[in-house]
Amino acid sequence: MSLFKIRTFWSVHCEEDSSYDQNSLLVTKLNHESDFLIVGSHSGILKVFKPSSDNFKEYTPADLLIETILKEPILQLSCGRFLSGSSKVQLAVLQPKSLNVYDLIVKEGATEHGVQNILEQLYVHKLQKLAFNFCVGPFGGVENRDFICVQSLDGLLTFFEQESFAFCCFLPDVLLPGPLTFVKSSDSFVTSNSNWHIISFRYKLLSEAGQNSTEGGNVSKFSSDWSFNLGEGIINLDVVQDTTSRITFIMVLGERSIFCLSDIGKLKYMKRLEFSPLNFINYFLNDRIMSLVVSETNNLLIYQNTSLKWCSQLHVSPISFNRGFVCNTNGVLVLLQEDGTLSCSYLGTEPSLFVAPPLALQDLDFEKAGQELTKLHKIVKNTYSNDIKVTNASTERELVLNVSVSPNLEENTLHKAINNKICPISIDIMPHTLFEEVQVTVVVDYPLKVSPQTEFFHNLSEKTTMTCCVFMEKPEEVSSLNVQVVASFISNLGVPRSVMKCAMLPLNLVLETCAPCKESECKVTLNINQSPVGLSALFPEYILSSNNNAIAFKNTATDGKVVTVLLAKSSERYRLQSDSFASLNLLVEEMVIRLKKHYSNVDGFSITSNSFPPVNTIVDCIKTHFYAQQKFVSLQNQITQLGAQLRLIQKRLIAKFKIKNPTSLANLELLLGDTYSEIMKLTEEFDEEKNNLVKSRNKLSSVLQLLINITKLMDVNNKARQLIESAFNPVIYDLDGQSWEDITDASFSYLLRTVLAKSEKDKLRPAQTNFEEVKDVSKIEKHLTLILERIPKGMLQESPSLLDEAEQENVDTEDNNVTESLPIGSKIGESSSQLLLSRRGLTKKS
Amino acid sequence: MDPLYLALSLFRRRKFDKCAEVCSEILESQPLDQAAWCLKMRALTQRVYVDDIESEDLYEGDFLDDNAVATAPRPGTSIKTAAPTTSVRPNTSTGRPISGVARPGTQLRPGSALDRLKTARPASQSARAIRLGTAAMYSQKEGPFIQVSRLNIAKYAKNSGLSKPLFEYLFYHEGDVRNAMELAVQATQFCRFEDWWWKVQLGKCYIALNLIRDAEQQMRSALKQHHHVESFIRLTRIYLRLDQPLSAVEICKAGLEIFPNDVSIMTELARLYENLNETAPSVKFYRSVVIEDAMNTEAIACIGMYHFYNNQPEMALRYYRRVLAMGAHSAELYNNLGLCCLYSQQLDLTTSLFQRALDLAIDPLIKAEVWYNLSHLALSAGDLELAVQCLNLCLSSDSTHASAFNNLAVLHHKMGRINLAKAYFTSAAALDPNLYEPKTNLEFLQIPRRGGTASALGRGTTKLAARSVRPAALAARGGAPRTGRFRAQNRTGRAHSSDVLPRSVPDRSRVEIGNLVEEHLCRLIETALSGSAKARVWCLWVLCVVNSPELGIAPEWGCGGTVFRIFLSAHGEDSFTERALICPNSKELCQRSEHCFNLH
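Protein sequences appear in the order of chains A and B. Position one of the first sequence corresponds to residue 1 (the UniProt record's numbering), numbered consecutively onward. Position one of the second sequence corresponds to residue 1 (the UniProt record's numbering), numbered consecutively onward.
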């Protein structure tokens, strides 16, 4: 990214089907006033250009002075005083097996087109090894002469003193040859090696080693003058001399940074580049080093030491470039592209502002657009702004679920049914519109199981039936025979909806008759206000003699307690008794349903009961569940801790292993093994405890169901009953960090503070706004006892009125504390109506 | 031409694929040619090389990490406990202050370190390296170039010409940190611990293996031998991972002494200060960066954003225009330009800039942000309906946009759909626990008769102040609107709604008021902690409730009309005039009272 763009005024495409490299371009004056642009390709074609000195004219064929075909590829071009006895500058061309020196002779003609340019070969040096690159300079401090040093691909330096061969020597440790330059001030050669060092060799040392090897034949070792550890691959090397103070700097372009070293190998500065550089050139201006770097992203960046002075966008990516005196202008950028396009450019100072492509926008017809807008507004309003659409109210109209539970059980062993009995359920789904995705889920309580539990329908448009079957999975007490079917889908307005249907499973899926027991510990009495009906009429599916007054059930799969149903004809009572309250629930529920069904056409029929389960039983259940839960959590924590420990030991072991001087493991391996086996042990224990927890949960759930069922039969206010029902939530979930007790305790304290408040003091209890973790079971026990005491004592008679008043949105009731502590969210709807009321009140006053 | 020369030339011209091909040909005829082998290694490495300093992820603490120095660091000594911002600059979804450019560290998705640990593989640095390795391997036709398992590492460690390219190959191309480290360990031993480069590489390996302290040791040792910009930056990163920003700053400053005005180090320092929530030094360094390197998009964008959040949208506009002129052409940039124009009153440009932003936004997250900011445009035009629709569109692109939920809720509340508002507030609070606006708003909604609602919503809309546009690849984004104008609008419209007042105050016994005060003091502390000015209002409110009926002290007017009106409605106008006689600055009170009644 840059503000400016490079402007090209002269450009020529050199050649098809050939490639050019970093060293393929030479910009030199060659004994003349302005620069020649000399290009040598890998296919061996040498071209000399000289743009006409007229004002920035474009390329004309006359600008090409010479084109020669050399047979071998041209690797590098350079110039210097290579002819002995002459102070003129000649051209040196490196080819893989030879070094050629040419002289460019210009014969002036009478007219401009009469000028003759001739490239004359002066001499050729044959090379022993394949060349890589070369450098020229006054080696050894000679005056007015330039010597040549050629580096071969395997690191052999061959020196030529003009026409004669001087000596050759091997650079030490060369794997891949690097760039090579000569530093005049220290009379040494600087190059890089594969170890990513910049190394410098004195010419004197090299020549001594070279003389020895040619004389004695053995290669003597020589050491570097200095080396600098660069730490990254080297792209190019350059030498810059301060013209006034005669200080020389070595510039290094690495793969990631630019370095500036002094001629004795000390770092002067470095700069990390945020792009991949391709090539660079350096020159000295006003006591500062200027570096021109070309990036892979086609930017030309000009640095003055480390600060960026200019950045310009290139339209090409040059492989080699240089500054030159062209068209009577100093500092023209000569760029050579890889495909051979040679161009002369200057930095454009006029910013090329980025112009974004225009958006394809149509002109609006305002009237039409206005109409469309109103239409769309209407649609949007209907879709979004209606609260009712978000609620679940009208779902039934869109999708109807029919659940039919087959009264006849099937024998099946395929499923993991404990008692081989399965109860098929068929669900009819009747959509009224097309639904893309509908998911139907069937839920039953543990230990019952349903299979398949979920079914997914795509593009549902007509009546579909889903069948599944329910069976007992574990030999446990069954807490409820309720089966819930939930269909969830996205309505055609894009709102998620759900439909729920409930059904009861047949009793004989889980219970079977057995011999009645006379006496049992736990009893529940159901009173009815009609003459009682015989048990045989109530349970027609079990064959009973008509005057039988007792029937007993027990769980088909387990050691569950026997439940006996007794009929007391004279006192219009049914008594259910069993040894455990957990087993009673199912039958109480069933009895209530059956009785209600039987008397469905009798007006004023009611069932009442006062036989509240003793507090102890419930408390026991809660305690069992609580302790199981605590154990469960503590095991979980232990496993977490041990897991962390294992990781720490592993870390420690790694640390031990990587120490340079190995020390003993200090029995860490034992610790590791122990921790591992401990984790395994705990995991097994955890599994067991999980089963325990599930069992206790199931039992608690049964007892709570019973409690609720009986509360339903008791003579309490409807509103309060609902509150109590929701407080004793029989569906028990123990989540991470929140168990059933935590939630229940919160609701208990709420109940005690509001509907079941006994005194003013109760009302002033601090509101429990968040669900705290219950640490002590005795607190919940206390609350439970209080609640169970107060429910039958008719505490509710007075308090519900409070609640009702609060519901009336009466402004006067606001002084009641009770209203303040209503559950979060239950009163929000009121505020707007209150707003109206209070405003009305105020206007009246003022 | 000689194939090796050709390969070298191709390498120089950055044609790495072709270079590797040529090398393979050489190796086929001469399998033991070390030069070709080395060159091929380097070509393959360069082909997949990614600057690992720039791509380094901001690390978030592992709770098992024993490297962290303090578990409860003092304020200012840790990135986590950086001084909370008082400015309006929003935070990112991870709770860090938003930055002007998208960097790997700024792009983390929300979720705690704990959540990330629950995945199979713990968060580690090497993940990216491993991915790179597999990607590189996939593109090789005839199996891997080097069978790492058969590599005689000890042999190559002693070959100084081969060891470094081999290390880079193993580290970057293969992503095999373990073997690379093995090589580095042996090589550094071979050169008698005299090569700083190997120490830096060892440090890199240690970081990848999460052995931070060892990495620190290696880097420090390397820095003792040789000063290198990269070493300084790497050491800084190590201290960031150890959550010691102050040490990191120190290292950067030491680096700046050796490399004065180095852009990389100054950028690092500026980012560091930005993370520490110290915007002033951060911008100072960004400015120095721009002086040194005027093309630094990151610095320009960050300074632009600084101005934007400092209520200087015109200045910000200049910076963003500069980025635009440099050729950046992205949805984020147009979005920011649009926001700057909006707040510097150049409304004619605003819509067309946003149009461009929408046109360019492909990423749904960016699209969501643009729509979100458009909703502010609609708000400042007073078109609530349009604002709601913009927010809905925002949510349809990004359903986890907490701020949009909050603002939508506020708007719905204004329209009287309180249930809906509450639902939206709840989802906003659930989506971003760092966002305090929905929480405050919910709190106000929960005590509807305490005189809260009106001011609550007033505040709520203040909170409409929104979050900025999320990061994207290039740069230049930032701007999130504040709601200066909107707030003002709201003030004027508020007088009526504040009528929702508790009428219960006079009926309370003294004790009850005591309880009430207690409750409100708690809230007061809470809100004071969240750093908002409403604490003061609450404080006065409480004082007023306690004092006014019994002690006859009139409410202070400065705390806003709410308190006063509570008082007023509680006592009726008769008692008000009575009080006015008693209280010291009664004259003013009387005037105010008249004004107040006029409003009704």
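Glycine included, C-beta positions come from ideal geometry on N, C-alpha and C. Computed from a prediction, not measured in an experiment: that's the story for all the values here.
Taking 7 Å as the limit between beta carbons, can you name the residues of its chain near residue i, skipping five residues before and five after?
i: V239 of chain A; result: T181, V183, T248 and I250
i: A157 of chain B; result: S163, L183, Q186, A187 and F190
i: L308 of chain A; result: L301
Put residue i into one of helix, strand or coil per three-state DSSP.
i: F190 of chain B; result: helix
i: F275 of chain A; result: coil
i: W196 of chain A; result: coil
i: N459 of chain A; result: strand
i: G829 of chain A; result: Bear in mind that a pLDDT of 38 at G829 of chain A, under 50, signals an unreliable position, so the model cannot answer this.
i: L521 of chain B; result: For L521 of chain B, the predicted structure reports a pLDDT of 43, less than 50, and the residue's modelled location is therefore unreliable. A value from the coordinates is still provided. Reduced to three states, the DSSP call for L521 of chain B is helix.
i: I418 of chain B; result: helix
i: G382 of chain B; result: coil
i: V75 of chain A; result: The identity of residue 75 of chain A in the sequence shown is Leu, whereas the question assumes Val. Correct three-state label for L75 of chain A: coil.
i: T440 of chain B; result: helix
i: S245 of chain A; result: coil
i: G338 of chain B; result: helix
i: A356 of chain A; result: coil
i: T351 of chain B; result: helix
Please confirm whether residue i has its beta-carbon closer than 7 Å to some beta-carbon of chain B.
i: S307 of chain A; result: yes
i: Q22 of chain A; result: yes
i: I639 of chain A; result: no
i: P73 of chain A; result: yes
i: R288 of chain A; result: no
Any beta carbon of chain A sitting closer than 7 Å to that of residue i?
i: L12 of chain B; result: The sequence shown places Arg at residue 12 of chain B, rather than the Leu named in the question. Cβ-Cβ to chain A under 7 Å: yes for R12 of chain B.
i: K204 of chain B; result: no
i: C38 of chain B; result: yes
i: L347 of chain B; result: no
i: W197 of chain B; result: yes
i: K414 of chain B; result: no
i: M266 of chain B; result: no
i: S24 of chain B; result: no
i: E182 of chain B; result: no
Note down, in chain order, each residue of its chain lying with its Cβ closer than 8 Å to the Cβ of residue i, except the 5 sequence neighbours on either side.
i: D187 of chain A; result: F139, G140, G141, R202, Y203 and K204
i: V229 of chain B; result: G255, F259, D262, S264 and I265
i: W196 of chain A; result: N229, L230, G231, E232, G233 and I234
i: D17 of chain A; result: S43
Note down, in chain order, each residue of its chain lying with its Cβ closer than 6 Å to the Cβ of residue i, except the 5 sequence neighbours on either side.
i: D579 of chain A; result: S520, E521 and K561
i: E292 of chain B; result: N261 and V263
Starting from residue i, follow the beta strand (DSSP E) in both directions and report where the run begins and ends.
i: T464 of chain A; result: T464 to M472
i: P614 of chain A; result: Taken as a continuous stretch (DSSP letters only), P614 of chain A belongs to no beta strand (DSSP E), as it is neither H nor E.
i: R81 of chain A; result: Segment: none, R81 of chain A is in no beta strand (DSSP E) and carries neither H nor E.
i: residue 848 of chain A; result: Outside the displayed span of chain A (1 to 846) sits residue 848 of chain A, for which this structure offers no information.
i: E255 of chain A; result: Segment: none, E255 of chain A is in no beta strand (DSSP E) and carries neither H nor E.
What are the boundary residues of the alpha helix (DSSP H) that residue i is part of?
i: V592 of chain A; result: F581 to H598
Next item on the list: Could you run through the segment 187–216 of chain A and flag, in chain order, every residue whose CB is less than 8 Å away from some CB of chain B?
Entry: N193, S194, N195 and W196
Item checked: Proximal residues, the segment 23–43 of chain A versus chain B, C-beta separation under 7 Å -> H42
Checklist line | Selection of the segment 232–260 of chain B by Cβ proximity to chain A, strictly under 9 Å | finding: I233, F259 and P260
Item checked: Residues of the segment 295–327 of chain A with Cβ closer than 7 Å to any Cβ of chain B, in chain order -> E296, T306, S307, L308, C311 and I319
Notebook entry, point to check: For the segment 352–367 of chain B, which residues have a CB atom closer than 7 Å to at least one CB atom of chain A, in sequence order?
Noted result: Q355, R356 and D359
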